[in-house]
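Chains as they are written, first to last, in UniProt numbering: chain A, 1 to 124; chain B, 1 to 124.
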DNA sequence: ATAATATTGCAACATAATCGCAATAAATTA
DNA sequence: TAATTTATTGCGATTATGTTGCAATATTAT
């Protein structure tokens, strides 16, 4: 399905690439000047995920957070990376660090979803 | 607050220690013969978590899964361990494997929530 | 047996996320 | 530029997960 450029998409993507953090739908909505419907934001976010522009993280609060692979002024983040949720500033950050583990080789790993919780470098 | 023994608690704990898997509230409810209210199951599960008997995992579906630290006939599982969600049999398993990562020391890690997705040893 | 209070069931509530459908708007074509 | 196609949006309704208040019940201790 062909994509079209809309103010909504641009606004959503702009917020995420600027902060470089993983944000929830309502946090994104608050950061955008224009009014965008909740359902629309979710659809835009999910479409970006399908297209490999964004990725989705589910935190221990059960909510979905979305983050760009490209933060402005930084290198692109790897597909398999860690996430850090700070309990102080309540942001979720993508870390340039791989997750390592050793499990029996009978297991076939397709995806890694790893969220660390604690105090981030700005708040410690 | 003192705890009391009830049929509900026993039934819930029995299911989880027998399977050794992480289960959601509705999965637990289905496995129990007697009828137990949804809210009650959640309260029992959360109380067990508070008491360190169970632990809670949030999977990428945003749902909570609960697992015992002690599976019958197996060694106790460590606090910081991996979880594996099989896409075939749709179970969540606690793995006897630690998560390793290296991040800047400014970060203070309090908790690790790591769920691998793929095909488990029984389904591969 | 009685009293104290932990536990339960029920209903209501809160929140996250999705979906159908009609209206709108972007991109393509004439 | 105008017309056409169809991707996108907004709205409302819906689903699902999880929690909470409150009265009724059941467990434990006296």
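By construction, the Cβ of each residue, glycine as well, lies at the ideal position given by its N, Cα and C atoms. Quantities reported herein were computed from a predicted structural model and do not represent experimental measurements.
First and last residue of the uninterrupted beta strand (DSSP E) at residue i
i: residue 112 (chain A); result: 108-119
i: residue 93 (chain B); result: 92-95
i: residue 84 (chain A); result: 82-86
i: residue 101 (chain B); result: Careful: residue 101 (chain B) lies outside any beta strand (DSSP E) and carries neither H nor E.
i: residue 57 (chain A); result: 54-58
i: residue 64 (chain B); result: 64-68
Beta-carbon spacing of residue i, residue j below 8 Å
i: residue 68 (chain B); j: residue 82 (chain B); result: no
i: residue 84 (chain A); j: residue 107 (chain B); result: yes
i: residue 25 (chain A); j: residue 43 (chain A); result: no
i: residue 23 (chain A); j: residue 66 (chain A); result: yes
i: residue 62 (chain B); j: residue 62 (chain A); result: yes
i: residue 94 (chain A); j: residue 123 (chain A); result: no
i: residue 119 (chain A); j: residue 111 (chain B); result: no
i: residue 99 (chain A); j: residue 99 (chain B); result: yes
i: residue 28 (chain B); j: residue 7 (chain B); result: no
i: residue 60 (chain A); j: residue 113 (chain B); result: yes
i: residue 11 (chain B); j: residue 103 (chain A); result: no
i: residue 58 (chain B); j: residue 58 (chain A); result: yes
Min CB distance residue i to chain A below 8 Å
i: residue 2 (chain B); result: no
i: residue 116 (chain B); result: yes
i: residue 65 (chain B); result: no
i: residue 13 (chain B); result: no
i: residue 68 (chain B); result: no
i: residue 24 (chain B); result: no
i: residue 113 (chain B); result: yes
i: residue 58 (chain B); result: yes
i: residue 95 (chain B); result: yes
i: residue 110 (chain B); result: yes
CB contact check: residue i to chain B, cutoff 8 Å
i: residue 62 (chain A); result: yes
i: residue 101 (chain A); result: yes
i: residue 84 (chain A); result: yes
i: residue 7 (chain A); result: no
i: residue 72 (chain A); result: no
i: residue 91 (chain A); result: no
i: residue 46 (chain A); result: no
i: residue 107 (chain A); result: yes
i: residue 120 (chain A); result: yes
Start-to-end residues for the alpha helix (DSSP H) that takes in residue i
i: residue 48 (chain A); result: 38-50
i: residue 27 (chain B); result: 25-31
i: residue 11 (chain B); result: 7-19
> Are at least three pairs of beta-carbons, each pair with one atom in the region 10-22 of chain B and one in the region 70-77 of chain B, less than 8 Å apart?
Replying inline: yes
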